[in-house]
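One structure is given below, encoded as structure tokens.
Residue numbers (mature numbering (1 follows the signal peptide of the UniProt record, and there is no 0)): -19 to -1, 1 to 266.
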């Protein structure tokens, strides 16, 4: 476009110079001949025609320039519109990306919270299980302590310091009132009964004396009112006689063991503890 404008300017300059030259020649050669004047007129006509052609060309070039400028303006507008659309799309994309990043951050936070909740729940469950086991262990330890304490069972007791004990017409429950040992307090010196504090195997032993003098002596062992043993002896030499024996019994908690003498029998004891009743726990079950 700039080259076309430069060409037009050059042509106008050449035309101007040529016109001035023609006028000078006309003035200096005003005296020329008719043939020369006719030739000059023809030359002027040719120049005028060329000028008109150049003017028409300039007009065409102006029109072309205007069209080109309009086209360029339209292209610029289109490019501007596209750029603005692209910018809006970019902003929307950036906004969408930011929203997705925010959502991703929220998801990560929820995931972390869920993982923490799961971990806390697992830890709480494990802690609860540990507490349960600990409570069970403590209970078991307490029970074992109680059993251990109850497992310490042993007693020995003498019958009386009063001499003879006679049954009369009925059986007589023997109360060994002189307690020598009573670990675990399972023997009752007021009733003469031993009561098992724990389930287990126990050993019981007794020794009794009588100065027979032509008499019989006897003793019975009972468990929960049922007779387990009956021993007797008679005088053969007029001296004191002894009966002694023992049993190993499996007892449940609360089972009772005691000694009796049948009706019309007697025993003897004094501060020397000739007649004694003893027992102890071998092992719990």
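No residue lacks a Cβ here, since even glycine has one placed at the ideal position from N, Cα and C. Note that the structure is a prediction, hence the values are computed from the model and not measured.
| residue 213 versus 196, 179, 204, residue with shortest Cα-Cα distance | 196
| message | Which residue marks the beginning of the beta strand (DSSP E) containing residue 155, and which one marks its end? | response | Taken as a continuous stretch (DSSP letters only), residue 155 belongs to no beta strand (DSSP E), as it is neither H nor E.
| Supposed contact pair residue 202 and residue 191 - C-beta distance, whole angstroms, cut 8 angstroms | So it is not a contact: roughly 17 angstroms between Cβ atoms.
| Is residue 254 helix, strand or coil by DSSP? | Under the three-state reduction of DSSP output, residue 254 falls in the coil class, being neither helix nor strand.
| said: Using a Cβ-Cβ cutoff of less than 8 angstroms, which residues in the same chain neighbour residue 253 once the five nearest sequence positions on both sides are dropped? | reply: Excluding residues within five positions, none has a Cβ falling inside 8 angstroms.
| Closest by CA to residue 149, which one among 20, 246, 43? | 246
| request: Taking the CB atoms as reference points, tell me whether residue 259 and residue 171 lie closer together than 8 angstroms. | output: no
| query | What residue from 230, 30, 28 has the CA that sits closest to residue 181's CA? | reply | 230
| Helix or strand or just coil, what does DSSP make of residue 70? | Note: residue 70 maps to helix in three-state DSSP.
| Looking at the structure shown, is residue 81 part of a helix, part of a strand, or coil, going by DSSP? | helix
| What's the call for residue 124, buried or exposed, on a 16-neighbour Cβ count within 10 Å? | With fewer than 16 other CB atoms across the displayed protein chains lying within 10 angstroms of its CB, residue 124 is exposed.
| message | Could you give the first and the last residue of the continuous beta strand (DSSP E) run that contains residue 138? | response | 135 to 139
| request: Report yes if the CB atom of residue 132 is closer than 8 angstroms to the CB atom of residue 265, and no otherwise. | output: yes
| Cβ-based neighbour list, residue 55, same chain, cut-off 8 angstroms, excluding 5 preceding and 5 following | none
| task | Could you tell me which residues DSSP pairs with residue 265 in its beta bridges? | result | 181
| message | Just verifying my parser: in three-state terms, what is the DSSP assignment at residue 176? | response | strand
| Same chain, Cβ closer than 6 angstroms to residue 164, five either side skipped, listed in chain order | Within the same chain, and ignoring the five residues on either side of residue 164 in sequence, the residues whose Cβ sits closer than 6 angstroms to its Cβ are 133, 135.
| query | Heavy atom of the ligand SAM less than 7 angstroms from the Cβ of residue 152, yes or no? | reply | Absence of the ligand SAM is noted for the structure shown, with no ligands found whatsoever.
| message | For residue 208, list the residues DSSP reports as bridge partners. | response | 203
| field | Collapsed DSSP secondary structure at residue 274 in the structure displayed | value | Shown here, the chain extends from -19 to 266; a query on residue 274 therefore has no answer.
| task | Quick one: measure Cβ to Cβ for residue 241 and residue 152, integer angstroms, because I've assumed they're closer than 8 angstroms. | result | 5 angstroms
| Can you name, in chain order, every residue of its own chain whose Cβ lies under 6 angstroms from the Cβ of residue 108, other than the five neighbours on each side? | Cβ neighbours of residue 108 beyond the five flanking positions: none.
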